[in-house]
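Peer 1: The structure's right below; bear with me while I get my questions together.
2 protein chains.
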Amino acid sequence: MSEAKTAKSRSKSVDVEAADPAVSSAPVERPRLRDAERTSKAILAAATKEFAERGYGGARVDAIAERAKINKRMLYHYFGGKDALYVAVLEGSYVAIRSAEARLDLSHRSPSEGMRELVVFTWKYFLDHPEFLGILSTENMQKARFLKRSARIFELHSPLVAEISGLLDRGVVAGDFRSGCDPVKIYMSIAALGSFFLTNRWTLSTIFQRNLSEKSEIDAWGEHIIEVIFAYLRP
Amino acid sequence: MSEAKTAKSRSKSVDVEAADPAVSSAPVERPRLRDAERTSKAILAAATKEFAERGYGGARVDAIAERAKINKRMLYHYFGGKDALYVAVLEGSYVAIRSAEARLDLSHRSPSEGMRELVVFTWKYFLDHPEFLGILSTENMQKARFLKRSARIFELHSPLVAEISGLLDRGVVAGDFRSGCDPVKIYMSIAALGSFFLTNRWTLSTIFQRNLSEKSEIDAWGEHIIEVIFAYLRP
DNA sequence: CAGTCATGTAACTATATAGTTATTTACGGG
DNA sequence: CCCGTAAATAACTATATAGTTACATGACTG
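Protein sequences, first through last, are from chains A and B. Residue numbering for the first sequence follows my numbering, beginning at 247 and increasing consecutively. Residue numbering for the second sequence follows my numbering, beginning at 247 and increasing consecutively.
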């Protein structure tokens with residue numbers, strides 16, 4: 247009923263407007279009303295934030311639609327539903343960090359420089375992409391039940407392990423690193439030190455009464471990670 | 247509600263049980279039907295699990311009531327609401343770990359032994375109390391907004407820092423540790439390595455195709471933490 | 001230049017969810 | 001032994017929330 251009214255009044259106003267542009271404007275790059283890519287990207291970005299901040303269960307579909315400034319129906323149109331959207335966010339997050347990492351090219355540096363580069367990159371990436379850590383956090387809270395669905399996740403990570411492995415081998419030959427280190431353990435240690443500080447800094451700041459979000463504290467912790475990793479690798 | 251059936255069978259079984267202790271035992275700890283302490287403890291335990299597993303936003307009050315096998319009304323009676331219950335869970339979690347820690351008495355050991363003891367304790371505590379890490383995770387996702395409300399949290403932690411500080415000083419004097427280490431950084435490193443492995447093992451297992459929940463992997467990581475910390479402390 | 005379909009909107013539905021109200025029941029002091 | 005009260009229950013309410021339906025429209029293609 248109310249729709250009939252709306253429809254009518256709308257088609258009327260359109261008739262009126264139809265005359266307008268013909269008179270007033272040229273075909274300039276007006277922001278396109280209908281843009282599938284823009285819309286779906288906006289949804290994904292908004293969903294990433296919402297899921298990272300509130301977790302899977304705490305995230306609200308309506309809140310995502312509002313953040314993206316799109317109609318909720320579009321979210322279902324492009325992604326199917328909350329679950330599928332979450333999976334898209336999850337995969338997108340891993341693809342993003344692994345792509346950035348792949349641009350590092352550690353093999354053209356000395357082992358020590360390469361390792362430092364990897365640590366610094368990881369630390370900076372975590373720092374600049376808080377939503378990545380948030381997504382990991384909520385995904386792990388659910389024991390990775392959604393990540394397991396994703397087939398192409400493993401192949402995304404083998405290059406990383408190979409890269410670190412090469413770095414370690416070269417470091418042993420050069421006498422910079424001790425032998426027998428597990429590349430996965432090394433990566434996990436780097437990630438652990440970086441991730442824990444950033445994700446837990448809110449409770450840590452409270453319990454130790456020390457503002458860990460200050461730049462000086464953040465910089466100091468970045469240095470600390472390097473020291474710890476190099477101490478561990480020292481022959 | 248579907249609980250009607252349960253309730254009926256419950257009051258029956260309690261009637262039966264009520265006779266039992268009278269015959270068998272002194273007027274001690276028979277399972278009282280109306281037991282404020284038991285009920286509120288059951289609620290707190292159930293809430294801890296629910297919040298740890300699903301996060302603050304994902305936790306459901308009805309689910310907590312069901313887990314605790316109590317009527318939802320009791321939850322409001324004892325705790326006031328979801329928020330207040332969550333705060334109780336949060337405080338309880340910190341009190342529990344700090345109390346256990348306080349029983350360590352590190353000062354009667356050699357610095358190296360004391361440090362090893364602290365690392366092993368922390369690792370084991372995290373391992374045995376997964377809900378603690380879950381609570382921290384969801385609390386940090388909310389930037390510690392509830393923890394900040396808790397006044398008595400800081401004083402709970404200063405003894406820990408003092409204890410580590412003493413350990414480090416003695417270690418420097420004994421020539422076991424290098425000087426200039428920050429006790430808070432040391433503790434955070436221990437916690438980081440332990441916490442990250444356990445909370446993130448689900449996604450890590452998936453991306454590295456390696457079952458990190460296996461005992462051998464868990465034990466190996468425990469050893470790894472010790473190695474990393476001692477490498478860092480080495481003069 | 002008309003028809004078609006991807007893009008978009010508003011309003012709706014069924015269920016879930018936090019919190020309440022009205023009421024009953026067991027415990028223990030007098 | 002009985003009565004006031006704390007402990008417990010069931011049934012309810014208002015709102016939030018995931019997901020849908022019905023319809024509109026702009027842009028592109030044949």
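Glycine included, every Cβ here is placed at the ideal spot set by N, Cα and C.
Report the residues of the region 290 to 314 of chain B with a CB closer than 9 Å to any CB of chain A, ordered along the chain.
Peer 2: From the region 290 to 314 of chain B, only Ala298, Glu299, Arg300, Gly301, Tyr302, Gly303, Gly304, Ala305, Arg306 have a Cβ closer than 9 Å to chain A.
Peer 1: How would you label glutamine 455/A, buried or exposed, when you count the other beta carbons within 10 angstroms and need 16 or more for buried?
Peer 2: So glutamine 455/A ends up on the exposed side.
Peer 1: Who are the Cβ neighbours of lysine 295/B in its own chain at under 7 Å, not counting the five residues just before and after it?
Peer 2: These residues qualify, in order along the chain: Arg313, Glu377.
Peer 1: Note down, in chain order, each residue of its chain lying with its Cβ closer than 8 Å to the Cβ of arginine 424/A, except the 5 sequence neighbours on either side.
Peer 2: Closer than 8 Å at the Cβ level, and outside the excluded window around arginine 424/A, lie Val418, Leu479, Arg480, Pro481.
Peer 1: Quick check: the region 438 to 457 of chain A against the region 429 to 441 of chain B, are at least 3 beta-carbon pairs closer than 8 Å?
Peer 2: The region 429 to 441 of chain B is in contact with the region 438 to 457 of chain A.
Peer 1: Do we get a CB-CB distance below 8 Å when we pair tyrosine 478/A with the residues of chain B?
Peer 2: Yes, contact with chain B.
Peer 1: With a cut-off of 8 Å, does the C-beta of leucine 393/B fall near any C-beta of chain A?
Peer 2: Leucine 393/B counts as touching chain A.
Peer 1: So is asparagine 386/A buried or exposed if we call it buried at 16+ other beta carbons inside 10 Å?
Peer 2: Buried: at least 16 other Cβ atoms inside 10 Å.
Peer 1: Closest to alanine 305/B by CA distance: which of Gly421/B, Ile381/B, Met320/B, Asp428/B is it?
Peer 2: Ranking Gly421/B, Ile381/B, Met320/B, Asp428/B by Cα distance to alanine 305/B puts Ile381/B first.
Peer 1: Report all residues from its chain with a CB closer than 8 Å to the CB of asparagine 317/A; omit the five preceding and five following residues, and keep chain order.
Peer 2: Taken in chain order, the residues that qualify are Ala311.
Peer 1: Near valine 407/A, which residues of its chain fall below 7 Å by C-beta distance, leaving aside the five closest residues on each side in sequence?
Peer 2: Cβ neighbours of valine 407/A beyond the five flanking positions: Pro429, Val430.
Peer 1: Per the contact definition of three or more C-beta pairs closer than 8 Å, is the region 397 to 412 of chain B in contact with the region 346 to 354 of chain B?
Peer 2: A contact exists between the region 346 to 354 of chain B and the region 397 to 412 of chain B.
Peer 1: Measure from the C-beta of serine 271/B to each C-beta in chain A and report whether the shortest distance is under 8 Å.
Peer 2: With a pLDDT of 36 at serine 271/B, under the threshold of 50, the modelled position of this residue cannot be trusted; read the value that follows with caution. No - not a single Cβ of chain A is within 8 Å of the one on serine 271/B.
Peer 1: Pull up the distance between the alpha-carbon of serine 333/A and that of serine 396/A, whole angstroms please.
Peer 2: Note that residue 333/A is valine in the sequence shown, not serine. Roughly 8 Å separates the two Cα atoms.
Peer 1: Measuring CB to CB, does isoleucine 289/B end up less than 8 Å from methionine 320/B?
Peer 2: Going by C-beta atoms, isoleucine 289/B is nearer than 8 Å to methionine 320/B.
Peer 1: By a C-beta neighbour count over all protein chains shown, 10 Å radius and 16 as the cutoff for buried, is serine 353/B buried or exposed?
Peer 2: Its Cβ having fewer than 16 others within 10 Å, serine 353/B is exposed.
Peer 1: To which residues of the same chain is arginine 447/B closer than 7 Å at the C-beta, ignoring the five residues directly before and after it?
Peer 2: Closer than 7 Å at the Cβ level, and outside the excluded window around arginine 447/B, lie Leu458, Ser459.
Peer 1: How is proline 481/B classed by DSSP in three states: helix, strand or coil?
Peer 2: Proline 481/B: coil per DSSP, three-state reduction.
Peer 1: Alpha carbon to alpha carbon, how far is phenylalanine 325/A from arginine 284/A? Give it in angstroms, no decimals.
Peer 2: Distance between the alpha carbons of arginine 284/A and phenylalanine 325/A is about 14 Å.
Peer 1: Using the Cα positions of arginine 468/B and aspartate 329/A, report the straight-line distance between them to the nearest angstrom.
Peer 2: The residue you asked about is not arginine; residue 468/B is glycine in the sequence shown. Those two C-alpha atoms are separated by around 35 Å.
Peer 1: So, for serine 356/B: in the same chain, excluding its five sequence neighbours on each side, which residues have a beta-carbon less than 6 Å away from its beta-carbon?
Peer 2: Cβ within range, chain order: n/a, list empty.
Peer 1: Give me the residue from Thr384/B, Met361/B, Glu359/B with the minimum Cα distance to glutamate 299/A.
Peer 2: Considering only alpha carbons, the answer is Thr384/B.
Peer 1: By the 7 Å beta-carbon criterion, what residues does the region 423 to 445 of chain B contribute toward chain A?
Peer 2: Listed in sequence order: Val430, Lys431, Met434, Ser435, Ala437, Ala438, Leu439, Ser441, Phe442, Phe443, Thr445.
Peer 1: What is the DSSP secondary structure of alanine 264/B, reduced to helix, strand or coil?
Peer 2: Only weak support exists for where alanine 264/B lies, its pLDDT of 35 falling under 50; the value from the coordinates is given anyway. It is helical.
Peer 1: Which value, in whole angstroms, describes the spacing of the CA atoms of alanine 309/A and histidine 323/A?
Peer 2: Distance between the alpha carbons of alanine 309/A and histidine 323/A: 17 Å.
Peer 1: Please compile the residues from chain B whose C-beta is within a distance smaller than 7 Å of the C-beta of isoleucine 399/A.
Peer 2: Per Cβ cutoff of 7 Å: Thr452, Ile453.
Peer 1: Can you name the residues of chain B whose CB is closer than 7 Å to the CB of tryptophan 448/A?
Peer 2: In chain order: Asn386, Lys389, Ala390.
Peer 1: Under three-state DSSP, which class holds alanine 437/B?
Peer 2: Note: alanine 437/B maps to helix in three-state DSSP.
Peer 1: Of the residues that make up the region 361 to 378 of chain A, which ones have a beta carbon closer than 9 Å to any beta carbon in chain B?
Peer 2: Listed in sequence order: no entries.
Peer 1: Provide the residue span of the alpha helix (DSSP H) that contains asparagine 386/B, from first to last.
Peer 2: Taken as a continuous stretch (DSSP letters only), the alpha helix (DSSP H) holding asparagine 386/B covers 376 to 387.
Peer 1: Could you check whether the Cβ of valine 383/B sits closer than 8 Å to any Cβ belonging to chain A?
Peer 2: The displayed chain sequence assigns serine, not valine, to residue 383/B. Yes, serine 383/B counts as interfacial toward chain A.
Peer 1: How would you label serine 451/A, buried or exposed, when you count the other beta carbons within 10 angstroms and need 16 or more for buried?
Peer 2: Answer is buried; the Cβ neighbour count reaches 16.
Peer 1: Checking contacts by CB at 8 Å: is glycine 380/A closer than that to chain B?
Peer 2: It does: the Cβ of glycine 380/A has a partner Cβ on chain B nearer than 8 Å.
Peer 1: Measuring only between beta-carbons, confirm whether glutamate 473/B sits less than 8 Å from chain A.
Peer 2: By this cut-off, glutamate 473/B is an interface position.
Peer 1: To the nearest angstrom, report how far apart phenylalanine 476/B and alanine 477/A are at their CA atoms.
Peer 2: Looking at the two C-alpha atoms, the distance is approximately 9 Å.
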